[in-house]
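Position 135 of the sequence shown, counted from 1, bears residue number 523 in this note's numbering, the numbering being contiguous throughout. Report on the structure given below.
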Amino acid sequence: RLLNMMGAYFAPPELAMPANDNNEKGYWERWDVFGLHEDMLRELGWAWDRISRFDAQRLVGPDFVAKFRPQAEKILLDLDARRPWMLKDPRINLLLPFWKPLLEAPVCVHVHRSPIQVAQSLHQREDFPLSLWLALWEQYSLLGLAHSEAIPRLLVSYHDLMTQPVETTQRLHAQLMELQVQGL
């Protein structure tokens with residue numbers, strides 16, 4: 389939400405995931421990206437919560453790219469028409485190797501939060517054991533950091549956002565300016 393408030397576009401209203409009981413402030417995610425990511429994972433025999441045999445090399449295979457690139461390019465065309473823009477979906481941590489060749493000048497913003505807090509929050513939504521949530525948090529975090537290694541990236545503390553929102557937002561804005569993000 390903060391990136392959107394800074395001026396980063398994310399979706400037309402009909403594609404924005406609405407707030408609900410699980411997230412009353414909204415998700416700031418796109419339905420078309422969610423659907424694309426679900427299709428991509430399903431194509432490879434994975435799901436957002438079943439990634440134990442995840443292999444990023446399968447995301448860049450020529451047949452896989454040929455199948456999903458047109459839909460991704462359509463999404464990027466909409467986003468590029470309204471720069472600066474943001475793309476948020478936890479599955480990007482897994483799927484960034486597919487997206488990277490399509491992005492002109494990406495910057496990754498990783499918001500890190502206590503794994504226990506994440507696991508407890510997700511446990512309330514989905515009745516999976518806390519140990520599964522912790523394992524997923526670890527996998528998503530490690531893959532997200534590994535896949536974004538060659539991309540300029542910023543780390544933002546969720547705790548700092550909640551306890552020092554103004555200072556943390558000002559720091560994030562300044563860091564984005566240093567990385568030449570235009571139009572915020």
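Backbone N, C-alpha and C fix where the C-beta goes; we use that ideal spot for every residue, glycine too.
Return the chain-ordered list of same chain residues with a C-beta closer than 7 Å to the C-beta of residue i, the five sequence neighbours on each side being excluded.
| i | result |
| --- | --- |
| residue 485 | 444, 447, 448, 535 |
| residue 464 | 490 |
| residue 376 | Any answer about residue 376 is impossible in this case: the structure gives the chain only from 389 up to 572. |
| residue 563 | 542 |
| residue 569 | 472, 495 |
Take the Cβ of residue i as the centre, count every other Cβ of all protein chains shown within 10 Å, and call the residue buried at 16 or more, exposed below.
| i | result |
| --- | --- |
| residue 460 | buried |
| residue 516 | exposed |
| residue 396 | buried |
| residue 462 | exposed |
| residue 513 | exposed |
| residue 418 | buried |
| residue 554 | exposed |
Is residue i a contact residue of the ligand NAP, with contact defined as CB to any heavy atom under 6 Å?
| i | result |
| --- | --- |
| residue 502 | What this structure holds is no ligand at all, so the ligand NAP is not there to describe. |
Can you check which of these residues, the options, is closest to residue i by C-alpha distance?
| i | options | result |
| --- | --- | --- |
| residue 503 | 488, 521, 513, 541 | 521 |
| residue 565 | 433, 495, 477, 420 | 495 |
| residue 427 | 572, 414, 390, 453 | 453 |
| residue 435 | 524, 570, 572, 550 | 524 |
| residue 437 | 526, 487, 411, 568 | 526 |
| residue 458 | 487, 549, 537, 551 | 487 |
| residue 483 | 552, 442, 492 | 442 |
| residue 478 | 450, 439, 492 | 439 |
| residue 537 | 498, 413, 549, 433 | 498 |
In chain order, what residues of the same chain lie with their CB nearer than 6 Å to the CB of residue i, ignoring the 5 residues before and after it?
| i | result |
| --- | --- |
| residue 539 | 494, 496 |
| residue 518 | 507, 511 |
| residue 429 | 435 |
| residue 410 | 513 |
Leaving out the 5 sequence neighbours to the left and right, which residues in its chain are closer than 8 Å to residue i when beta-carbon positions are compared?
| i | result |
| --- | --- |
| residue 481 | 528, 529, 531, 532, 535 |
| residue 500 | 529, 543, 544, 545, 546 |
| residue 400 | 466 |
| residue 431 | 452, 455, 456 |
| residue 414 | 389, 404, 405, 406, 407 |
Problem - the segment 507-522 / the segment 470-482 touching (three or more Cβ pairs under 8 Å) - result: no
Practice task
At 4 residues or longer, and completely inside the segment 393-444: list those alpha helix (DSSP H) runs for me, N to C.
Solution key: 419-431
Exercise for the section: For the segment 438-486, list the alpha helix (DSSP H) runs that are entirely contained and at least 4 residues long, ordered along the chain. Expected result: 450-468
Practice task
Check whether the segment 399-406 touches the segment 419-431, taking contact to mean three or more Cβ pairs, one atom from each stretch, closer than 8 Å.
Solution key: yes
Exercise for the section: Enumerate, from N- to C-terminal direction, the unbroken alpha helix (DSSP H) stretches of 4 or more residues contained entirely within the segment 509-536. Expected result: 518-535
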